[in-house]
Each structure stands twice: as structure tokens, then as C-alpha cells.
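Input: a single structure, listed below in C-alpha cells.
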Amino acid sequence: MLNKYPLWKNLLVIFVVLVAALYALPNIYGEDPAVQISADRNATIDASTMDRVRNTLDSVGIEPKSVSLENEQLLVRLNSDNEQLKARETILDSLGDDYIVALNLAPATPEWLKSLGAQPMKLGLDLRGGVHFLMEIDMDEAMSKIVDGMKDTVRAELREERIRYSAVRVDDTAVEVELRNDEAYQQAAQYLDNRYQGYVLVEDEENRTLRLEMSEQKIVETRDYAVDQNITIMRNRVNELGVAEPVIQRQGSNRIVVELPGVQDTARAKEILGATATLEFRMVDTENDVRDAQNGRVPFGSELLPMRDGPQQLLKEDVILTGDHIVNAGVGYDEYNRPQVNITLDGAGGNKMSLATKDNVGKPMATVFIEYEATEERDSEGNLQFTKSAEVINVATVQSRLGSSFRITGVGANEAQNLALLLRAGALIAPIQIVEERTVGPSLGQQNIDSGIQAIFWGFVLVLAFMVVYYKKFGLVANAALATNLILIIGVMSMIPGATLTLPGMAGIVLTVGMAVDANVLIFERIREEIKAKRSPQQAIHHGYDSALSTIADANVTTLIAALILFAIGNGPIKGFAITLAIGIITSMFTAIVGTRAIVNSVWGGKRLSKLSI
1 MLNKYPLWKN LLVIFVVLVA ALYALPNIYG EDPAVQISAD RNATIDASTM
51 DRVRNTLDSV GIEPKSVSLE NEQLLVRLNS DNEQLKARET ILDSLGDDYI
101 VALNLAPATP EWLKSLGAQP MKLGLDLRGG VHFLMEIDMD EAMSKIVDGM
151 KDTVRAELRE ERIRYSAVRV DDTAVEVELR NDEAYQQAAQ YLDNRYQGYV
201 LVEDEENRTL RLEMSEQKIV ETRDYAVDQN ITIMRNRVNE LGVAEPVIQR
251 QGSNRIVVEL PGVQDTARAK EILGATATLE FRMVDTENDV RDAQNGRVPF
301 GSELLPMRDG PQQLLKEDVI LTGDHIVNAG VGYDEYNRPQ VNITLDGAGG
351 NKMSLATKDN VGKPMATVFI EYEATEERDS EGNLQFTKSA EVINVATVQS
401 RLGSSFRITG VGANEAQNLA LLLRAGALIA PIQIVEERTV GPSLGQQNID
451 SGIQAIFWGF VLVLAFMVVY YKKFGLVANA ALATNLILII GVMSMIPGAT
501 LTLPGMAGIV LTVGMAVDAN VLIFERIREE IKAKRSPQQA IHHGYDSALS
551 TIADANVTTL IAALILFAIG NGPIKGFAIT LAIGIITSMF TAIVGTRAIV
601 NSVWGGKRLS KLSI
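So that you can map any letter, position 402 of the sequence shown is 402 in the UniProt record's numbering, and since no number is skipped, the others follow by simple counting.
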């Protein structure tokens, strides 16, 4: 029988629409203004903190919707924006500097929807609000790290070649090697000449000194590498924060722009993005007395460093391993329920750790935590100056030869979380400083949302009116498909983890509304042509859909290809537009071809008809 769907196909259409509607439902509940409270390394969040917050809010007459402990953070939901601002100031004054109190917007999705995994759409910076950071890289430190790595390489290779040297040191952008005798000088000159790409060998036979100096091209390449590497690590850190569709791009020679839509906890974002924390593993100097070092007599090749919650430690300057070789880091707990960071190294890092600990079983090894902090000073070239701070967080005796997996202890719960996150994301090749910070408020974003919704609404209404006037009852079918198409777009956008709705994305939705009705126009016009060709109403419907299918598919596939290209090569607003356009094309094809056909078949299919209202 013509124009009849089997039962399973009708049920499939209904199922798809209901699932999309279910996952689109959280978007109607909106968000609650909230205050998010987290602790730094000197404090903890527990039940007593929750009671303290409740009492503080009661004292100023604020009745919160809820106060909950989630992921070692307190989330206080409030009734209005005014209460949110007042609550933040009050809680901040009460808890002090050991806690981070930030504004937030918490989804008001019911628990039964959350249990199904349904969440509202993620909104971009222009709709949701968020933060904009401009970060500056310390290029001097980047160059220093590269040259220090070259120094270690040269020293290791000279030892392997059994070439005797007096010292290997760094001088600005060069590595200087001082040889012990003329024979060693000749061997080293022959060995090092043209060995390292980008380095020029300068010989000083009189002083038995060789210099490996960076070429100008190598300096430029190193600076570009530092920026590109920091951008990559920033992306990893943003992924760890769970921010969808961030904008991370280079600006000038030493700056990076980061835009994080929907982020209200700016303190947390700054802490993670701006942190330059990394680890160094060094052996403890047991051959010299730490008391002599404390009195100012630090032996050559060693360094005196403070220890967190302990006495100063005398360490060897030679670094066994840095955080650059860490590929994974996670938080765990030992047999006494104390937090620890479980570390996994790459192949090269595992080999280095294995070689270093092979001959040091039974000796203490220290884990050094290093941070860079910006000062207010700048050099003659206008670059920010940074200070390096290092502290020993753990000293442990090497029980056996270590490999690619081991653990560090001696850190608090919150610090273990942050340290694991930073190490997973990677250590920045050079310290950075946030030189500009802008916050886009939710109110401005709401204005953009209202404008976008108005555009969609009026476009939708005008299309609906035209279809009803021009195609009569079949126009009503097309209108039902359009409404369903909007539900499908919202539902799919809510289901896809990385999909973010931006203002250009709303323009993409308006465009897909027009494209969806275009497919129905093609089908309905073909049906009219078939009726004019004296076919029966049932045959006209059948041939109209079949003949229009290839045209609709060709038109939509070519547009889909363009959307995919925009998504692949674009960023920020362009990607936002491409996402909604691609999703809208797919859903519009489903509703225009399958959805309307199901309705038409249900209303007119299998009946004796003398004419069609089209």
C-alpha cells in the first residue's frame, strides 16, 4: 500500500523526538545564582565549614536555596543576583584569605534529569559570560631552560666519550666548555663541531675553551617553540577545567589570549592557567653536612633548599628528572589514607629515573616543587620579571630501582588534586603572567540571548505563516516539522559534550530554519507537479517525496561539507556557527524527509482521496 510506514518506523520517529525533547528539557529550568567556596593549601572544606557558612548567611538575613558539598567545594545556591553578591562579600569576610569565594551559575536541572545525564546546553562567552585573559611569557626563562637542557646534553655526551673537561656552564644563550688539557681540547673541538643543529662552535684555543652559541635562526625558533608549547599546555589545562569551546591563540611574539566561556570561578581559572608549577627530582647530598651549608658554606655542586613542614635540605644541583617527562598523574591514598600523587613517566623519563636510581638504592631522593611568580618589574625590553621559588615537598629513601611509575607523598588533599592536574596537563616551558583580565557578565550575555531568541522567534513565525497560507494543510505538516527540528537541535546540542552555543551559533539555527522549510518546499512543489500531471493523490505524494529526495540530499550534503570545513579551520565564533549549522542540516533532513513523511502517511496515507489540500 502506498504511503504507509510500518509500525517500527513510526515508533522510531517518535522515539527519536522524545529522546531529543527529554535532553532539551533541562534548558527550560535555567540557572541559580550561586557562590562557590574552595580552600587553598592551608585550609580544608568539611561539615564545620558548611555550618560556618550557614551561620554567616543567617546573620545577614540570607536564606540560601541549598548549601552542598561537591568535589571538596561548597556550592551555595541563592535566590537572586543581589543575594549572590551580598553573600560573596559576607562569606569572604568571614572565612578569610585561606578560602577562595567565587561567583558561579549553577544549573537548576532536577535530580531525575541529572540521573539520566541530561544537562543544559553549554553557552559561549558572548552568551554565558566568562573571562578573558591576556598572558605574557617570560622569554628569558624559556631561553634559559633550553640552554640548560643543552648544557646537560653536552656534559653527558662528553662523559660518554671520555673527554676530560673542567667545567660546562651556561653563558646567556651559549654553552661554554672548559677543557683540562690540549688533547681533550682537540678531541672536544672535533666532536662538537657541527654536531648540534642551530649551534655555532666558537673556539678559544689559548684558554682551552669551546662555546656553543645559538644562531639567530635558532633563537627565533626557540622563542616560537616556547609560545607554541605554552599554547598546547594551556589547551590541556583548559580541558582539565572542563571548559567547552575555549579560545586560545597567540598574540604578538610573547603573548597568549585565553577566553573561557561560562567560567565564574575566575580565581580557580587563574590559579590553574597561570600556575607554572613543575617537579624536579634530585638526590640529597649526604656527603656534606647540611649545618655547614646553613652557616653559609654551601659546597660546590649542591644547593640548600627549604622543606615544606621540615628542616632545610642540602640537594645536589644535578636534576635527575623534570616534570616534562610526566605523561600522567593521579591522586590516590596510601594504606594510612594519606593523599599521594601517582606519577607515570614517558619512556625517556623512565630510563633516566632507572639509571639515576640504579646506583643510589638506599640513598634519599628529594621531590622539589618549583613555582614562578611575577614581579612588578620589567627589563629594558619591557618584559616582565619573574622570581623562582623552590621547596622540597618530599624526601624518601630509594628502596629499589625505580621505573616509569612511582608515587610522591607529603602533600595535602587539595594540593594533591591541583598538582596532579598541573602535571597531567604539562609544565609550562616558561612562566607566564596574566597582564589583562576582563570578565563578561551574565547580564550582557543575557541581552545577546534575548536578541538571538527574538531573531529565531520572528523568523520562525514568518516562515510558519507563509507555509500555512501557501501550502494549507501540508503547510501545517511543515510547521510541525520545523518545531520538531528546533527541539532536535537543542536536544543534540545538549547531548554533545563539546558543543557550545554562541551568538553566531544562534544565527546558524535561524539559517537551518530556512533550510528545513526549503526541503519541504521542494517536496510539496513536486507533489503539485505530479497532481498537474494527472496522477492520483497517493501517487503524487509517493513520487513527490521520491523525486525530491536526491535534490534535497545533494543540497544539504554540500552545505554540510562547507560547515565541516568551517569547523575544521575556524575557531571561536566560526566554530560556534559551524556546529549549529551542521547539526541543523542533519536534523532538518530527518524532519523534512522522514518526519513529515510519517505525518503525511498517518493523515493521508492508504486512503481514497479525490484531492489534496496543497
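We treat Cβ as the ideally placed atom computed from N, Cα and C, and that holds for glycine.
Put simply, of Ser451, Glu216 and Leu12 the residue whose alpha carbon is nearest the alpha carbon of alanine 507 is Ser451.
Counting C-beta atoms within 10 angstroms of its own C-beta, aspartate 318 has fewer than 16 neighbours from the protein chains shown and is therefore classed as exposed.
Sixteen is the threshold: when 16 or more other Cβ atoms of the shown chains lie within 10 Å of the Cβ of lysine 122, as they do, the residue is buried.
Counting only runs of 4 or more residues that sit fully inside the region 324–370, the alpha helix (DSSP H) segments are 347–358, in chain order. For serine 588, the enclosing alpha helix (DSSP H) has its first and last residue at 573–589. The beta-carbon distance between valine 257 and threonine 209, rounded to whole angstroms, is 44 Å. This is too long to meet the 8 Å contact definition. Between the region 577–592 and the region 482–490, the count of Cβ pairs shorter than 8 Å is three or higher; the stretches touch.
Spanning the alpha carbons of isoleucine 569 and arginine 308 requires a straight line of approximately 47 Å. The beta carbons of serine 404 and leucine 345 sit closer together than 8 Å.
The beta carbons of isoleucine 370 and alanine 390 sit about 5 Å from each other, so the pair counts as a contact at 8 Å. In this structure, asparagine 479 sits near leucine 464, with a CB-CB distance shorter than 8 Å. Shortest Cα-Cα distance from alanine 188 to any of Gln217, Val227, Asp172 and Val154 involves Val154. Around the beta carbon of phenylalanine 133, a 10 Å sphere encloses 16 or more other beta carbons of the protein chains shown; the residue is thus reported as buried.
In this structure, the CA atom of alanine 348 is about 7 Å from the CA atom of histidine 325. Exclusion of the five residues before and after alanine 24 leaves Ile487, Ile490, Gly491 and Ser494 as the residues of its chain whose Cβ lies within less than 7 Å of its Cβ.
Here methionine 150 is not near leucine 105, since their CB atoms are 8 Å or more apart. Pairwise C-beta distances place the region 21–36 in contact with the region 95–111, as three or more of them are shorter than 8 Å. Across the structure, alanine 499 and valine 16 are spaced so that their CA atoms are roughly 19 Å apart.
Looking from the CA of aspartate 97, the closest CA among Arg54, Leu69 and Thr44 belongs to Thr44.
In terms of CA proximity to alanine 519, Ser547 leads the group Gly505, Gln539, Ser547 and Lys534. In the three-state reduction of the DSSP assignment, phenylalanine 474 falls in the helix class. Judged by DSSP secondary structure, phenylalanine 133 falls within the beta strand (DSSP E) whose first and last residues are 130–137. Taking methionine 365 as reference, the option from Phe281, Glu335, Lys352 and Asn337 with the minimal CA-CA separation is Phe281. Where leucine 92 is concerned, there is no enclosing beta strand (DSSP E), although the alpha helix (DSSP H) around it starts and stops at 81–95. Between the region 222–237 and the region 129–146, the count of Cβ pairs shorter than 8 Å is three or higher; the stretches touch. Less than 8 Å divides the Cβ of alanine 598 from the Cβ of asparagine 10. In this structure, the straight-line span from the alpha carbon of valine 284 to that of arginine 291 is close to 14 Å. Separation of leucine 581 and threonine 558 (C-alpha to C-alpha, rounded to the nearest whole angstrom) is 12 Å. Asparagine 207 counts as exposed, since fewer than 16 other beta carbons sit within 10 angstroms of its beta carbon. By DSSP's assignment, glutamine 251 forms a beta bridge with Arg255. In this structure, glutamine 36 and alanine 118 do not form a Cβ contact; the two beta carbons are roughly 22 Å apart against a cut-off of 8 Å.
Around the beta-carbon of tryptophan 458, fewer than 16 other beta-carbon atoms lie within 10 Å, marking it exposed. Under DSSP, asparagine 104 forms a beta bridge with Ala34. In the DSSP assignment, valine 67 falls within the beta strand (DSSP E) that extends over 66–70.
Non-local beta-carbon contacts of asparagine 288 in its own chain, meaning distances under 7 Å to residues more than five positions away in sequence, involve Pro299, Ser302 and Leu314 in chain order.
Per DSSP, reduced to three states, the secondary structure at methionine 50 is helical.
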